[in-house]
Amino acid sequence: MTAPGQIASFTRPRRLLSRLLRDSRTRIAIVVLLIVALSAVFAPLLAPYDPTAQLDIVRLPSQPPSLAHPLGTDPYSRDVLSRLLYGGRISLAVGLGAVLLAMSFGIAIGAVAGFIGGAVDAVLMRFVDAALSIPRLLVLILVASLWGSLGLVPLTLLMAGTGWFAVSRLVRAETLVLREREFIVAARALGASPFRILVRHVLPNVAAPALVSATLGIANVILLEAGLSYLGIGVRPPTASWGAIIQDGAEQVSDLWWLTLFPGLAILVTVFACNALGDALRDAFDPRQLPRGTDPTFAAEA
Amino acid sequence: MAGVLLIGCTEVKQQPQTAGPADIGGTMVVATPAEPGTILPGLYSTSVERQVTDLLFDRLAEIGDDLNSIGDKGFTPQLATRWEWAPDSLSIVFHLDPRARWHDGQPVRASDVRYSVSLIKDPTFGSPMASSTMNVDSVSVRDSLTAVAYFKKHTPEQFFDLVYQVSIVPEHILGNTPPAQLRTAEVARRGIGSGRFRLAHWDQGKRLELIADTANYRGRAKLDRIVYSVSLDFNSAVARLFTGDADFFEQLRPENMAKVEKDTSLRALPYPSLQHTFLALNMIDPAHPGQPNPIFGDRTVRRALTMAVDRAGMLRNVFGAMAHPSYGPFPRFLAVADTTLPQLPYDTLRARALLDSAGWTPGPDGVRTKNGQRLAFTITTTVSSATRKQYAVLLQEAFKRVGAAVNIDATDFAGSAAKLAGRSFETTLVTFAPDPNVSGIRQAWSSAALGKDGLNYPSYVNPIVDALLDSATISFDPARARAYSRRAFEIIIEDAPGIWLYEAPTVAGIHKRIHTTGLRADEYWARMADWWIPASERTPRDRIGLRPAPTP
Amino acid sequence: MRRFVAGRLAQAAIVVFLVTTVTFVLVHLAPGDPFATALARPGITEALRQQQREAFGLDRPLGEQYLRWIGNAARGELGWSISFNRPVRDVIADALPRTLLLVGLSLALSFALGIVVAVLQTERPGGRRDRWLGRILLLLYSVPDFWLALVVLLIFAYWLPIFPPSGIVDPVRHDYMSFSGRLLDRLSHLVLPVTTLTLLATAAISRHQRSALMEVMPSDWMRTAIAKGMSHRRAVRRHALRNALLPAITLAGLYLPALAAGALFVEKVYSWPGMGLLAANAIVTRDYHLVTAAVLISSIAVALGALLADVAVAAADPRIRVS
């Protein structure tokens, strides 16, 4: 028996959590992400050297892995292990930051479009459709290469600015469905503010797919940031990001293999964990009960 | 004394030294990462374009290997067999070689010389060489093989201005098209010149094929064909060299050197060049043009920052043992260069002491400040050049150690070019490849070159240097010119408007079977028509012969 | 139905128009212009650059330039590429087929492979095969595409030099080869980039297909078929696949933009001169007409793809009307 205001398919938190934890993917993902997060947070303690310190530009550049430098040094004689640890900070910061911003903005816009409806809805959704049809990578490259190297904050904003469209469509769809339901109409007649309705009714119903989308979104942003840094238009030197480390070795991939291998593995492992978690979440929420009309590709790459 | 040597003989081991009659023929494939956009002389801007143009077209005379640009002493006849100066030196009569023919069979006439000069000077044509030929007034035709060139003033480099900058083009081919449209016209792509190579085939974006002009008045080229094979970028071009797809690649990087050593079919060919790179310090405040830069306006600060840079160490890091340091605002192969001038030493202690004395005190975060201004600035550079990016990061750290906070602004080429022209950078890496003449220096360091058209990027102004460079330009005696230039260079080095970083190593990768000759510092391809392949070392590609490729 | 298609077509046209306009404005707003070459040469005066700008109409107000370009584009003339010194149409005519070949081949292979793998997985959902395939696919799905390309390049072109590292054909000898030689040459240059793209795309397609198949699993007719005695495996292959093909079509439509935009990173690592690399280089050289034209082509592809997908879905299942 469900109380008014609750959609029948909304899964109760405790059962959800246990289902999640039984999934081996969740356990692996959480462990991995914890390792990455902790090593990023405690990087200053764990890193043997300053990530931007050029130790000896004549004798120590481009050294293969050794006891002194377990992951080798880059052409500027900087220790790769230290850069890798600090690089985790960049990836996580940009990933989390961009996705949080994108989610907030997307939810807001979607709710506005769904509630107000009419012309506002039409205009907003046309815009979202148009935006969705522009390849995200192209926009990022256009903006990043045209305006020169971006700092961390502009980069995060740019990522967020190109990643909120799918969420807004999702929230709008959900809002539209809800708007017609009797208890909503009743609530509004009684004077409940749209904001309240948003928070109490819309959000719980989009929480599930939004969470999945967010997790996969973080994975995506990490890949994009690495890609941009690899092209040389991501973070500014001497910032250590995983993609930037690969870029430093891009000219001599076969000789300086450690500059490609280790950061690539770091990206792979982190993104894998995020995707695994996203999959586990999606299966835990039981996708067959997602509200009708939801675009099934919302969770795929934006 | 910066004498130019014919470098290239150093690498040859036990190969035959001269070409016999049987050694005519062969194919050389040049890997290039940039497609030539135009092959019309007068419009070239990239090295490939310049090379192809020089092989297809001729000049009146060729500069000597010592790159002496004063008078006509070093020049050897090319299209002009001899020339006579008028007594007042305001005109020169050129006698053309009667055997000279265009690739379509028509004879080369004096009217072609007149046309070529007027084309270069025509503003609608848009040639970068126009400003260099300002002293040339016009050319008149005395008869079909005699052309008279008139000059406005008698200057030491008047002969150079005319002869070096102007390649002779056929009037009967190009004359019917308005100069403004020549850049994109089809006739300009036919490459009909009088050079020892002719254009066989141009597959846009893929390759450009030159074959020997067998009936050339200067003798046929020894090679049968030169194929320019276009790759997308540097790495794929180098890759072609190593896989054997190409025989020649113009500029190897330090990381390629080890591979070349190991490859038994290739050798490294160092050649002289006129490139030098420095970090320009903008002495004008980019935010308030007309006002001196709050950081770089002070000579002590500039000198201190120079001393903070371990130039030798950075050279080793970036280039290994290959590159040469830059000794000042000139390439070492320039005729008036002097590599013995006193340099500022690498001394971080002294650098810090100088900054202290100039009033820049370290703040709590380690960055120096003075009157509220932080010792913080940006190095503008391009993303595309790995060397520059590497230098920028190394410089950033070097400056950090003496208390300066440096940000690297890496944009693409177009963006940084815009900043340079508008002088809206704070510091930037500049590479010059000047013409081998004295006036080139003036175009970079005199107050006449301050505006948008000039190359005086640091906005350096010193009246004494202006006077010295002017004197150097009007001296008819090479020794006097050198003395004036030397003094000017000394002062510029002391004033430190830039940090002289490196002369990029110019080392080509070339297949061992190809013998080279005549590598001049301004154009290593000057005698490419005399490069040869011994008959005993032919490969399948060399046996293709003179038949053109089947059109795809 | 016709009204539906017409409506979507109009929508698509608007989207294409919008995207092209935004790109045009963005590129023109960026600092710099195409005439930045040969900076350190004495003699290139500002007057000269200005002259070049005028010759190409770049000094006119932005609105006028835009209208002129739109007018030309409507007639099929996409402008002049300053960096290539050729008409844009020719440049794209060279690059587009190369991308179509690369991405088309990869997509065809990955769809085939992806569907096969998804079917293999769902024959026994939750079983060992399903789980292990799922993990491998997730790994491939999580790998950065430029990194995979680099690793494949490293292994198969440098450490074990079996395949050529770059380009589409041998730069010199191709024209002198026999017909079969030329074919082999082209194929050998295709192997590495196609392998990389296929691995990446298969992962995404497989995952999508698997979830589509899983959705269809518990449906009535499946249970009926199994109750009637059909083996689970056969039931999947005969019934589930047919129904799950629909999402595959949707996915096909969504992957169409990759055909035009080109898989940029793969093209960059393998120096495959396709649309992706073309667009990226055009941005760097501020080749305005080329950038805009490239984006125009890719957005047309996107719009067409989405349209085709929606139409296919609507035609196949009249119950679904996309809002």
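Protein chains in written order, with our numbering: chain H, 1 to 302; chain X, 1001 to 1552; chain Y, 2001 to 2323. Note that the Cβ used here is the ideal one computed from N, Cα and C, for glycine as well. Here the structure is a predicted model, which means the values were calculated and not measured.
{"Asked": "Residues of the segment 1489-1516 of chain X with Cβ closer than 7 Å to any Cβ of chain Y, in chain order", "Found": "none"}
{"Asked": "Where the beta strand (DSSP E) containing GLU2267/Y begins and where it ends", "Found": "No beta strand (DSSP E) holds GLU2267/Y; the alpha helix (DSSP H) holding it covers 2264-2270."}
{"Asked": "Distance, SER1069/X Cα to PRO1478/X Cα", "Found": "9 Å"}
{"Asked": "Minimum Cβ-Cβ distance from ILE116/H to chain Y less than 9 Å", "Found": "no"}
{"Asked": "Candidates ARG1225/X, LEU1162/X, LYS1262/X, PRO1041/X: closest to ILE1192/X by CA position", "Found": "PRO1041/X"}
{"Asked": "At least 3 beta-carbon pairs within less than 8 Å: the segment 1119-1129 of chain X vs the segment 1164-1184 of chain X", "Found": "yes"}
{"Asked": "Collapsed DSSP secondary structure at GLU1157/X in the structure displayed", "Found": "coil"}
{"Asked": "Partner residues on chain Y for PHE272/H, Cβ-Cβ distance less than 7 Å", "Found": "LEU2138, LEU2139, SER2142"}
{"Asked": "Anticipated Cβ contact below 8 Å, PHE2056/Y with ILE2082/Y, distance rounded", "Found": "7 Å"}
{"Asked": "Interface partners of ARG1299/X on chain H, CB under 7 Å", "Found": "Result: empty, since nearest Cβ-Cβ is about 28 Å, beyond 7 Å."}
{"Asked": "Span of the alpha helix (DSSP H) around TYR86/H", "Found": "80-116"}
{"Asked": "Cβ pair LEU92/H, ALA40/H closer than 9 Å", "Found": "yes"}
{"Asked": "Strand pairing of TRP1083/X, partner residues [DSSP]", "Found": "PHE1094/X"}
{"Asked": "Contact check, GLY1026/X vs ILE1510/X, beta carbons under 9 Å", "Found": "no"}
{"Asked": "Pick from TRP1085/X, HIS1288/X, ASN1462/X, ARG1240/X that is closest to ALA2157/Y, judged by C-alpha positions", "Found": "ARG1240/X"}
{"Asked": "Residues that TRP1500/X bridges to, as DSSP identifies them", "Found": "PHE1278/X"}
{"Asked": "Test item: CB-CB of ALA1405/X and LEU1375/X under 9 Å", "Found": "yes"}
{"Asked": "Sequence-distant residues of the same chain with beta carbon closer than 6 Å to ILE2339/Y, five excluded per side", "Found": "Not covered by the structure: residue 2339/Y. The range shown for chain Y is 2001 to 2323."}
{"Asked": "Beta strand (DSSP E) segment containing ALA240/H, residue limits", "Found": "Taken as a continuous stretch (DSSP letters only), ALA240/H belongs to no beta strand (DSSP E), as it is neither H nor E."}
{"Asked": "LEU2290/Y to ILE1474/X span [Cα, whole Å]", "Found": "47 Å"}
{"Asked": "Closest Cα partner of PRO1329/X within the set PRO1294/X, THR1339/X, SER1111/X, ASN1317/X", "Found": "THR1339/X"}
{"Asked": "Where the segment 1284-1316 of chain X meets chain H: residues whose CB sits under 8 Å from a CB there", "Found": "ASP1310, GLY1313, MET1314, ARG1316"}
{"Asked": "Interface residues of the segment 2293-2319 of chain Y facing chain A [CB-CB below 7 Å]", "Found": "This model lacks chain A altogether, as its protein chains are H, X and Y."}
{"Asked": "ALA2038/Y versus ALA2006/Y: straight-line alpha-carbon distance, rounded", "Found": "Low confidence applies here, because ALA2038/Y scores a pLDDT of 43, under 50, leaving its location unreliable and the question unanswered by this model."}
{"Asked": "Cβ pair ARG2053/Y, ASP2059/Y closer than 9 Å", "Found": "yes"}
{"Asked": "Proximal residues of chain Y, C-beta to C-beta of SER1236/X below 8 Å", "Found": "PRO2165, SER2166, GLY2167, SER2271"}
{"Asked": "Enclosing alpha helix (DSSP H) for PRO304/H [first to last residue]", "Found": "Any property of residue 304/H remains undetermined from this structure, which presents chain H solely from 1 to 302."}
{"Asked": "Straight-line Cα distance separating SER1424/X from GLN1106/X", "Found": "51 Å"}
{"Asked": "CA-to-CA distance, ALA1444/X to LEU1455/X, given in whole angstroms", "Found": "5 Å"}
{"Asked": "Integer-rounded CB distance, given that GLY1195/X should sit under 8 Å from LEU1056/X", "Found": "5 Å"}
{"Asked": "Residues near LEU138/H by beta carbon distance below 7 Å, same chain, minus five either side", "Found": "none"}
{"Asked": "Within-9 Å CB hit, PHE1399/X to chain Y", "Found": "no"}
{"Asked": "Reference THR1076/X, options TYR1217/X, PHE1159/X, GLU1062/X, ALA1358/X, closest by Cα", "Found": "GLU1062/X"}
{"Asked": "Within 9 Å, strictly: CB atoms of ALA2149/Y and TYR2066/Y", "Found": "no"}
{"Asked": "VAL2015/Y versus SER2298/Y: straight-line alpha-carbon distance, rounded", "Found": "12 Å"}
{"Asked": "Simplified DSSP assignment, three categories, for GLN1129/X", "Found": "It should be noted that the sequence gives Met, not Gln, for residue 1129/X. Coil, per DSSP."}
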